[in-house]
DNA sequence: GGGTACATGTAACTCGTTACATGATTCC
DNA sequence: GGAATCATGTAACGAGTTACATGTACCC
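Chains as they are written, first to last, in the numbering used here: chain A, 1 to 182; chain B, 1001 to 1182.
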């Protein structure tokens, strides 16, 4: 599927960036919630995209001699990205989840052992939910205008919060059901 | 992390199985929602686990000469599984999601193009939600007893439904916000 | 001078998917 | 006899993580 390719093309569609910038974007509060790559994946992919004619770059010197490569989309790259973007794909395979797997095997644990795991998951997911809410609260006083890239950030952050809320809801339900026994 | 290893150990903890049985279990309505592997991953992993002393197997003949390997946990395998099961791990990295990525780049699409994508996602996720609800409705007249493996199935299916509901809720919200303009 | 961030790469390894490859059993 | 299912494996490739490796620029 080469989704990393399109994530990179999409970022460069907003303007020229270096590999370092792209890696930083992948660590960003919004993008981090549904896409990520290490720089060891980014640099080879950039080289490949240049070879494929979807990108070109210009070498820029910072200070005395620090070279950086500023990548930008070629016309072909822009077209390829847009074709992918509007392609009506099937939904992704349901993501793997190790805690759900542990829950599936809950009957091989003592009740107390499982409840401790649940408790730890609850703490971690609540922290994440609160962190995301804080970001949205502090960055967006109101819903950004349609057409701005900021609305993209807002929408995916809203989705990330809903995902955490649903997970917490499920964890509480598991806890309640397991607790009901006796 | 070798989670496939523990998924296999967990299944065998319920009783002896062949590689084929394990692959079938990965396709099962409940497990499918959060873990999966092809047989090309299962068979080599089984061989590896035997070499590591966590499994052994007995060769069984079906019919005239069809050989199958019936794997079961060794004592070491059972201990290793239980140690993993109750290990308080960090939550998984947030899963990658190509539609969320497309939404992040929504501003490079026409409004109509994006709304069509949303519509398709809504149809697919609603189908999945309804399918999961149907399974739970037909398989569980009431919540299974604590201690039974069936409760594991029930809990993870409930989680899968909640995940779909939250996704649909988010899609509707995106649709509404994008539609609000003009 | 030292620490942090900027900047770019490669290597080794694990994990996951699709395709290749083969053969037996069961049921219609 | 044919189709679906049972049964087990390997090969090639793509995707992703951690570690190795190097050097510059900027700010205090």
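For each residue, glycine too, the CB sits at the ideal point set by N, CA and C.
Spatial distance of residue i from residue j (CA atoms)
i, j, result
"residue 1181(B)", "residue 147(A)", "9 Å"
"residue 1045(B)", "residue 1072(B)", "14 Å"
"residue 1021(B)", "residue 1134(B)", "25 Å"
"residue 1083(B)", "residue 1102(B)", "40 Å"
"residue 1012(B)", "residue 1061(B)", "20 Å"
"residue 99(A)", "residue 115(A)", "12 Å"
"residue 1009(B)", "residue 149(A)", "46 Å"
"residue 1174(B)", "residue 1108(B)", "15 Å"
"residue 1154(B)", "residue 69(A)", "53 Å"
"residue 1166(B)", "residue 166(A)", "6 Å"
"residue 1112(B)", "residue 1172(B)", "15 Å"
"residue 76(A)", "residue 55(A)", "8 Å"
"residue 1132(B)", "residue 1059(B)", "37 Å"
"residue 1093(B)", "residue 1074(B)", "32 Å"
"residue 1063(B)", "residue 1139(B)", "33 Å"
"residue 27(A)", "residue 95(A)", "20 Å"
"residue 1023(B)", "residue 65(A)", "56 Å"
"residue 130(A)", "residue 145(A)", "24 Å"
"residue 17(A)", "residue 1124(B)", "35 Å"
"residue 110(A)", "residue 41(A)", "42 Å"
For residue i, the first and last residue of its enclosing alpha helix (DSSP H)
i, result
"residue 1068(B)", "Unbroken run through residue 1068(B) is the beta strand (DSSP E), 1066-1073; no alpha helix (DSSP H)."
"residue 26(A)", "19-26"
"residue 180(A)", "149-180"
"residue 104(A)", "98-104"
"residue 143(A)", "First-last for residue 143(A): undefined, no H or E at that position."
"residue 1032(B)", "Note, residue 1032(B): premise wrong, no alpha helix (DSSP H); not H, not E."
"residue 39(A)", "39-51"
"residue 8(A)", "3-12"
Cβ of residue i within 8 Å of any chain A Cβ
i, result
"residue 1106(B)", "yes"
"residue 1155(B)", "yes"
"residue 1025(B)", "no"
"residue 1172(B)", "no"
"residue 1030(B)", "yes"
"residue 1096(B)", "yes"
"residue 1047(B)", "no"
"residue 1136(B)", "no"
"residue 1130(B)", "no"
"residue 1120(B)", "yes"
"residue 1042(B)", "no"
"residue 1140(B)", "no"
Neighbour-count burial assignment, residue i, 16 or more Cβ in a 10 Å radius
i, result
"residue 2(A)", "exposed"
"residue 67(A)", "exposed"
"residue 1141(B)", "exposed"
"residue 1033(B)", "buried"
"residue 159(A)", "buried"
"residue 137(A)", "exposed"
"residue 80(A)", "buried"
Pair within 8 Å by beta-carbon distance, residue i and residue j
i, j, result
"residue 1162(B)", "residue 169(A)", "yes"
"residue 78(A)", "residue 35(A)", "no"
"residue 1178(B)", "residue 143(A)", "no"
"residue 1120(B)", "residue 97(A)", "no"
"residue 1015(B)", "residue 105(A)", "no"
"residue 164(A)", "residue 128(A)", "yes"
"residue 1019(B)", "residue 1039(B)", "yes"
"residue 1057(B)", "residue 1050(B)", "yes"
"residue 1030(B)", "residue 1157(B)", "yes"
"residue 1086(B)", "residue 122(A)", "no"
"residue 1037(B)", "residue 1004(B)", "yes"
Contact with chain B by residue i, beta-carbon distance below 8 Å
i, result
"residue 133(A)", "no"
"residue 125(A)", "yes"
"residue 148(A)", "yes"
"residue 109(A)", "yes"
"residue 64(A)", "no"
"residue 70(A)", "no"
"residue 38(A)", "no"
Near the ligand FMN: residue i beta-carbon under 7 Å from a heavy atom
i, result
"residue 158(A)", "Absence of the ligand FMN is noted for the structure shown, with no ligands found whatsoever."
N-terminal and C-terminal residue of the beta strand (DSSP E) that residue i is part of
i, result
"residue 1056(B)", "1055-1062"
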